[in-house]
C-alpha cells in the first residue's frame, strides 16, 4: 500500500513539473509568436510596404523622370503588397547601396530587400538577415556581336574580351578557357560602365560580366538586336528577397509570394486567365486560387492571397518576359530561370 502511495506522489510531482514546463513553453512560444508577427503588424499599421534593392539597374529597378519605379525587383515588391493588402500599389521603393543596405532592414526602415548582392554564406549569416528563396539565377556570362556567329560560350576561341578588373571574374575566365583548350586576350577595365564604351568602340570582340549586367549593357547599345548574350554561365550567383532574421511569419509570407509565381506558371495560371479558372476542378489550381482550402490563414493572410499576387504581377513567366523578354532590348534567355520541367532551376513546393 505504501508503495502505491509513493508511486502516486511521484506521478503527481511529475505531472506538476510537466505542467510547469508546459506553461513555460507556452509563454516562450507566445513571446516568439508575438515577435515573429512584428513585421506584418508594422506593415499593416503603416498602410504600405517598404522595399529596397541594391543599386538601380535597368530591367530590375529603375526610376523614370517622374519618379516612378519599374522592373523585376519592383514587381516582386508589388506582389508582396498584393499578398498582404490585396493592393499592389501600396508600396514605397528605395535604392540602397553597399553593405549598409542591411542596416535599414535590421532597424525596420525597410521591410524586405527584393534584390541584394548574390546569396553567399557570409551575407546569409553575418548581418541578421535571411535570404528567402532564389528569384533569379545568374552568373558570369559573355556577350558578342551576332555577326561573329557564336551561339555558345564553348565556341569562343582566339577572341579579345573586355572584363572588369575583378579577381573573381578574371580567374573564372582563365579557368573556363583553360578547361576548353581555347585562347583569349583580356582587355581589363576598372568599372562595368567602361565595358559598354569599350565594346562599342571595338576595343574587344566580346564582353564578360554577370548576365544581369550584360542585359543592361545590351539595352543601351545602338542596335541591341545585333548582339547576343550567350546562354552559358561560368559562375553561380543566386539572387533573391532578403528579410530580417527571426521573423518566421514574414519570411514565409515573402517565400510563398515567390513560390506562388512559380507554382502558377507550372499549372498554367496567368494574370489573363485567372478569373476564368475560378470554377476549375483541378485541385492544384483551386488551392492556388484560394477556392479550396485556406492556405493563407497560417500566414495571417486571406485565403486568396496567391490569387491576388498573380492578378497583380502575373506568374513567373509573365514577370520575366515583361522585363527581360525579346521586346525589352535585353532578350535574356530564361536558361536557369526556366521551370525545372523545362530544363531550368525554378522549383517550388506544391500548395497542399
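Numbering (mature numbering (1 follows the signal peptide of the UniProt record, and there is no 0)), first residue to last: -37 to -1, 1 to 315. Glycine is no exception: its CB is placed at the ideal position from the N, C-alpha and C atoms.
Cβ-based burial, residue i [other Cβ within 10 Å; buried from 16]
{"i": "residue 52", "result": "exposed"}
{"i": "residue 174", "result": "buried"}
{"i": "residue 160", "result": "exposed"}
{"i": "residue 88", "result": "exposed"}
{"i": "residue 17", "result": "buried"}
{"i": "residue 188", "result": "exposed"}
{"i": "residue -9", "result": "Low confidence applies to residue -9: its pLDDT is 35, below 50, so where it sits in the model is not reliable, and the reading given next is rough at best. Exposed: under 16 other Cβ atoms inside 10 Å."}
{"i": "residue 79", "result": "buried"}
{"i": "residue 199", "result": "exposed"}
{"i": "residue 48", "result": "buried"}
{"i": "residue 245", "result": "exposed"}
{"i": "residue -6", "result": "Note on residue -6: pLDDT 36, under 50, position unreliable in the model; no value is reported."}
{"i": "residue 93", "result": "buried"}
{"i": "residue 114", "result": "exposed"}
{"i": "residue 36", "result": "buried"}
{"i": "residue 70", "result": "exposed"}
{"i": "residue 131", "result": "exposed"}
{"i": "residue 110", "result": "exposed"}
{"i": "residue -16", "result": "Legend: pLDDT at residue -16 = 38, less than 50; position of this residue unreliable, no value from coordinates given."}
{"i": "residue 42", "result": "buried"}
{"i": "residue 74", "result": "buried"}
{"i": "residue 38", "result": "buried"}
{"i": "residue 261", "result": "exposed"}
{"i": "residue 156", "result": "exposed"}
{"i": "residue 297", "result": "buried"}
{"i": "residue 21", "result": "buried"}
{"i": "residue 66", "result": "exposed"}
{"i": "residue 98", "result": "buried"}
Close Cβ partners of residue i (< 8 Å) along its chain, the five nearest in sequence each way excluded
{"i": "residue 251", "result": "223, 226, 227, 230, 232, 269, 270, 273, 314"}
{"i": "residue 234", "result": "273, 274, 275, 276, 277, 278, 281"}
{"i": "residue 32", "result": "24, 25, 26, 56"}
{"i": "residue 243", "result": "249, 252"}
{"i": "residue 139", "result": "116, 197"}
{"i": "residue 257", "result": "266"}
{"i": "residue 133", "result": "126, 149, 151"}
Nearest-angstrom beta carbon gap, residue j and residue i [assumed within contact, 8 Å]
{"i": "residue 82", "j": "residue 203", "result": "6 Å"}
{"i": "residue 30", "j": "residue 64", "result": "Not a contact, Cβ separation roughly 21 Å."}
{"i": "residue 177", "j": "residue 104", "result": "6 Å"}
{"i": "residue 145", "j": "residue 119", "result": "6 Å"}
{"i": "residue 317", "j": "residue 181", "result": "Nothing can be reported for residue 317: it is not among the residues displayed for the chain, which extend from -37 to 315."}
{"i": "residue 95", "j": "residue 206", "result": "6 Å"}
Own chain residues within Cβ distance below 6 Å of residue i, not counting five before or after
{"i": "residue 308", "result": "100, 299"}
{"i": "residue -3", "result": "Unreliable placement is indicated for residue -3, whose pLDDT of 41 sits below 50; the coordinate value is still reported in the next sentence. Counting only Cβ-Cβ distances below 6 Å, and skipping sequence neighbours, we find nothing."}
{"i": "residue 44", "result": "12, 51, 53, 54"}
{"i": "residue 91", "result": "69, 208"}
{"i": "residue 247", "result": "230"}
{"i": "residue 102", "result": "196, 198, 199, 200"}
{"i": "residue 77", "result": "14, 16, 36, 39, 40, 204"}
{"i": "residue 218", "result": "95, 96"}
Limits of the beta strand (DSSP E) - the one that residue i falls within
{"i": "residue 148", "result": "147 to 152"}
{"i": "residue 101", "result": "99 to 101"}
{"i": "residue 59", "result": "54 to 59"}
{"i": "residue 94", "result": "92 to 94"}
{"i": "residue 201", "result": "200 to 202"}
{"i": "residue 191", "result": "190 to 192"}
{"i": "residue 173", "result": "169 to 173"}
{"i": "residue 124", "result": "122 to 127"}
{"i": "residue 316", "result": "The structure shown does not extend to residue 316, since the chain spans only -37 to 315, so no value can be given for it."}
Alpha helix (DSSP H) segment containing residue i, residue limits
{"i": "residue 15", "result": "No alpha helix (DSSP H) holds residue 15; the beta strand (DSSP E) holding it covers 12 to 17."}
{"i": "residue 64", "result": "That residue, residue 64, is in no alpha helix (DSSP H); it is neither H nor E in DSSP."}
{"i": "residue 280", "result": "279 to 287"}
{"i": "residue 2", "result": "1 to 9"}
{"i": "residue 76", "result": "Note, residue 76: premise wrong, no alpha helix (DSSP H); beta strand (DSSP E) at 75 to 78."}
{"i": "residue 328", "result": "With the chain covering only -37 through 315, there is no way to say anything about residue 328."}
{"i": "residue 47", "result": "35 to 48"}
{"i": "residue 207", "result": "Looking at the DSSP string, residue 207 is not in any alpha helix (DSSP H); the run it does join, the beta strand (DSSP E), is 205 to 207."}
{"i": "residue 144", "result": "That residue, residue 144, is in no alpha helix (DSSP H); it is neither H nor E in DSSP."}
{"i": "residue 218", "result": "211 to 230"}
{"i": "residue 246", "result": "246 to 252"}
{"i": "residue 270", "result": "268 to 276"}
Proximal residues to residue i (C-beta, below 7 Å), its chain only, five neighbours per side dropped
{"i": "residue 46", "result": "216, 220, 264, 268, 271, 272"}
{"i": "residue 1", "result": "210"}
{"i": "residue 254", "result": "241"}
{"i": "residue 167", "result": "123, 124, 125, 150, 161"}
{"i": "residue 163", "result": "184"}
{"i": "residue 301", "result": "307, 309"}
{"i": "residue 295", "result": "174, 178, 192, 287"}
Test: residue i CB closer than 8 Å to a CB of chain D
{"i": "residue 2", "result": "The displayed structure is made up of one protein chain only, and chain D is not part of it."}
When you compare the region 189 to 196 with the region 141 to 159, are there three or more beta-carbon pairs, one atom per stretch, that lie closer than 8 Å? Not touching, per the Cβ criterion.
I'd like to know if the region 118 to 125 and the region 161 to 181 are in contact, where contact means that at least 3 CB-CB pairs between them fall below 8 Å. Judged by Cβ distances under 8 Å, the region 118 to 125 makes contact with the region 161 to 181, as three or more pairs qualify.
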